[in-house]
Structures are given as C-alpha cells and as structure tokens.
Amino acid sequence: MQQVQLIAWILAGFVLARTVKQVRSQHVDAVRKFAFAFLTPTLFFGAMSRADLEVLPSWQMVGGYLVSIMLLFFVVRLFLSQSQVQSVAESNVKSISALYPNAVGVGVPLIFSLYGNEAELMLMGIVFVNLVLILPAFNVLMIRSGEEGFYSYSKVATDPILLAIVGGALINLFGISLPAWLASSIDGIGFIALPIILVVLGASLGFYRTDDLKQQKVSMLLFVKVVGFPFAALIVAQYLFSLSAIETQVLVLLCALPTGINVYLLAERYQVARESTASVILGSTTCSLVSLIGWEMVVSRLA
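1 is the number of the first residue of the sequence shown in my numbering; add one for each residue after it.
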C-alpha cells in the first residue's frame with residue numbers, strides 16, 4: 001500500500017538522524033532548503049501543467065468539502081487557542097494539519113481502485129480546489145496573525161511554490177506544450193522530490209524530544225483527522241448537500257486520508273509547529289492503514 005512506502009521514507013529519515021552521528025540538524029536544514037526552494041516547486045509545476053482543469057466535481061461536492069474543512073478548522077483552532085502556550089500561528093498550522101488530506105499520494109490510487117475513473121476525477125477536482133482556494137486562504141490567515149517575522153503579501157506572492165502552481169496552471173490553461181526533454185526532466189525531479197521531503201520530515205523528528213510531543217496535543221489532532229473530519233463530511237454530505245452515493249463515498253474517504261505533505265511545507269515556511277506537524281503526518285499515515293478500511297466499510301453501505 002502507498003501508506004507503507006510513505007511511512008518507510010519517514011522512518012528512514014528518523015533512523016538516519018538518530019543513529020548516524022555525522023548527520024546534524026544543520027545538514028538536514030541545508031537539504032530542506034534545497035528541497036523547498038527547488039524540488040517542491042518543480043513537483044507542483046509538473047502536476048499543475050498536466051492537470052485536467054476542465055474536470056471538476058459538482059458545486060455541491062465542493063461545497064460539502066469546504067463547509068467540512070472550514071467548520072472543523074475554526075473549531076480546532078478555537079480549542080487550541082484557549083491554551084496559553086499556543087500562538088495564533090501555531091493554532092493555524094496545527095489545525096490544518098488535522099484536516100488537509102494526502103489526496104494525490106494516497107487518495108488517487110485508493111479512490112481509483114475502489115470506485116474507478118469517475119471517482120478519481122472528482123478527487124482531482126478537490127485537489128485543484130485545495131491548491132487554488134485552501135492554501136491561499138491559509139496563507140492569508142497566517143499573514144493576518146500579526147506576529148513579527150511572518151510573511152507579507154508580497155513575499156507570499158513571490159513564494160517559489162506558489163509561483164510554480166500558478167505557472168503550471170497558466171501553461172496548462174493556454175495549452176502550451178513543453179519540450180519533451182524539459183517535461184522529462186521535470187518528471188524526474190518530481191519523482192525524487194517526495195522521498196527527499198519525507199526523509200527530511202523523519203530526520204526532523206529525530207532531533208526532537210518525544211516527550212515534548214505530549215504538550216503539542218498531537219493525539220487530539222490525530223483523532224480529528226482519523227475520526228472527526230470524515231464523520232463531519234459524512235453528516236454534511238448526507239444532510240446538508242444531499243450528495244449522491246458516489247460523491248459521498250469519495251468525499252468521506254478523502255477526508256479520512258492521512259495528512260498531506262503540503263502541511264509540513266507550510267510549517268517549514270512559517271517556522272512553527274514543525275515537529276507536531278511531522279508527527280501528525282506520520283501518525284495519521286500509520287492509522288490510515290486501518291481507519292481507511294473502516295470508513296470504506298461505512299460508506300459502502302451507501303451504494
């Protein structure tokens with residue numbers, strides 16, 4: 001399963017940081033900067049340049065997803081902000097870590113194998129919504145947190161990842177074909193980007209004290225990701241938007257997916273809640289080996 005591969009890369013980085021004395025935090029930071037400045041933008045550029053922009057889910061399904069993720073985001077953020085040790089920025093990052101799904105790495109193969117091409121296209125439409133709505137809106141929230149040292153609108157607008165997403169979408173929209181050698185190079189760089197990011201994520205955990213995670217409310221965030229989010233999506237889909245059976249199945253499993261790597265990129269960008277975010281990604285990916293089976297059994301009764 002795809003989750004096993006993701007966990008293996010994360011654990012490889014963790015073991016490397018814990019067992020190889022020559023690997024220091026500054027070495028991991030150097031690789032991280034290279035990955036986020038070059039590898040990750042290339043990965044997003046390639047994905048957006050090939051995305052099918054004409055295939056989108058129904059507005060009801062998009063609405064169900066947006067209502068579910070926004071409702072729980074503000075509920076979780078309110079809960080976290082009650083703690084004096086949680087800054088607004090930390091609350092924002094931790095809240096999105098409990099919600100943002102790994103729709104491409106885990107979701108696409110899972111949804112396609114269960115429900116076929118139609119369901120996969122619905123899922124990719126939500127991926128597009130995440131990139132053009134959820135991530136920009138989250139950046140605005142971070143800027144408006146008002147904490148010293150955070151990005152301004154101009155810095156966000158020139159962020160390499162955002163520029164890559166916009167550039168790839170424009171090339172796609174205008175039907176520009178990339179030269180074969182360039183497209184192949186982009187694919188090759190994108191292929192190695194995700195494993196490197198996951199190893200860096202695991203190595204970051206290796207330099208963090210496990211006992212400190214008890215103060216980061218990681219268990220609560222995992223509960224929201226594994227149980228709370230898909231349950232909220234099921235209620236919204238059934239009673240608020242009256243989605244079809246296939247739309248409800250895709251939406252609930254989408255929300256039950258483990259946390260996506262994009263959240264770790266956000267934590268790194270703003271330099272907050274990095275360790276707890278990495279822990280949620282690892283924990284939710286591990287839990288999904290069982291939880292996705294359970295949620296699939298629940299939604300299968302809708303058919």
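Heads up, the beta-carbon is just placed ideally off N, CA and C, and yes, glycines get one too.
Computed from a predicted structure; not experimentally measured.
For residue i, which residues in the same chain have their Cβ closer than 7 angstroms to its Cβ, ignoring the five residues on either side in sequence?
| i | result |
| --- | --- |
| Met122 | Pro57, Met61, Glu247, Val250 |
| Val299 | Thr248, Gln249, Val252, Leu253 |
| Leu72 | Leu99, Val224, Gly228, Phe229, Ala232 |
| Val127 | Ala103, Val104 |
| Ala278 | Leu201, Ser204, Leu205, Tyr264 |
| Ser145 | Val88, Ala89, Asn92 |
Tell me which same chain residues have a C-beta within less than 6 angstroms of the C-beta of residue i, skipping the five on either side of it?
| i | result |
| --- | --- |
| Ser49 | Gly168, Ile171, Asn172 |
| Ala164 | Pro41, Phe44, Phe45 |
| Val23 | Leu16, Ala17 |
| Ala183 | none |
Does the separation of the CB atoms of residue i and residue j fall below 8 angstroms?
| i | j | result |
| --- | --- | --- |
| Val252 | Ala267 | no |
| Tyr153 | Ile143 | yes |
| Gly202 | Leu11 | yes |
| Val272 | Val28 | no |
| Ser276 | Val226 | no |
| Tyr270 | Ala89 | yes |
| Ile69 | Ile134 | yes |
| Gly304 | Leu282 | Because residue 304 is not part of the residues shown, which for the chain are 1 to 303, the question remains open. |
For residue i and residue j, what's the separation of their Cα atoms in angstroms?
| i | j | result |
| --- | --- | --- |
| Asn130 | Ser97 | 13 angstroms |
| Leu205 | Ala119 | 35 angstroms |
| Phe229 | Val218 | 15 angstroms |
| Val104 | Ala17 | 27 angstroms |
| Val200 | Ser95 | 22 angstroms |
| Phe231 | Val280 | 18 angstroms |
| Phe241 | Tyr65 | 10 angstroms |
| Asn102 | Ala193 | 15 angstroms |
| Val263 | Ala180 | 32 angstroms |
| Phe36 | Ile186 | 15 angstroms |
| Lys21 | Val15 | 11 angstroms |
| Ser87 | Gly175 | 44 angstroms |
| Thr286 | Pro195 | 17 angstroms |
| Lys33 | Ser244 | 44 angstroms |
| Met124 | Gln26 | 37 angstroms |
| Gly63 | Val132 | 15 angstroms |
| Leu39 | Ile189 | 6 angstroms |
| Val75 | Gly107 | 25 angstroms |
| Leu141 | Arg77 | 12 angstroms |
| Leu234 | Ala30 | 42 angstroms |
| Val67 | Tyr239 | 12 angstroms |
| Leu302 | Glu296 | 10 angstroms |
| Ser81 | Ser177 | 47 angstroms |
| Asn117 | Pro136 | 28 angstroms |
| Thr19 | Val4 | 22 angstroms |
| Trp59 | Met220 | 31 angstroms |
Indicate the three-state DSSP secondary structure (helix, strand or coil) for residue i in the structure shown.
| i | result |
| --- | --- |
| Thr286 | helix |
| Pro258 | coil |
| Pro57 | coil |
| Pro195 | helix |
| Pro179 | coil |
Near residue i, which residues of its chain fall below 8 angstroms by C-beta distance, leaving aside the five closest residues on each side in sequence?
| i | result |
| --- | --- |
| Phe138 | Asn92, Ile96, Leu266 |
| Tyr115 | Ile246, Gln249, Val250 |
| Arg274 | Ser204, Tyr264, Ala267, Glu268 |
(message) Does the region 285–294 come into contact with the region 256–272, if we say contact requires no fewer than three beta-carbon pairs (one atom in each stretch) closer than 8 angstroms?
(response) yes
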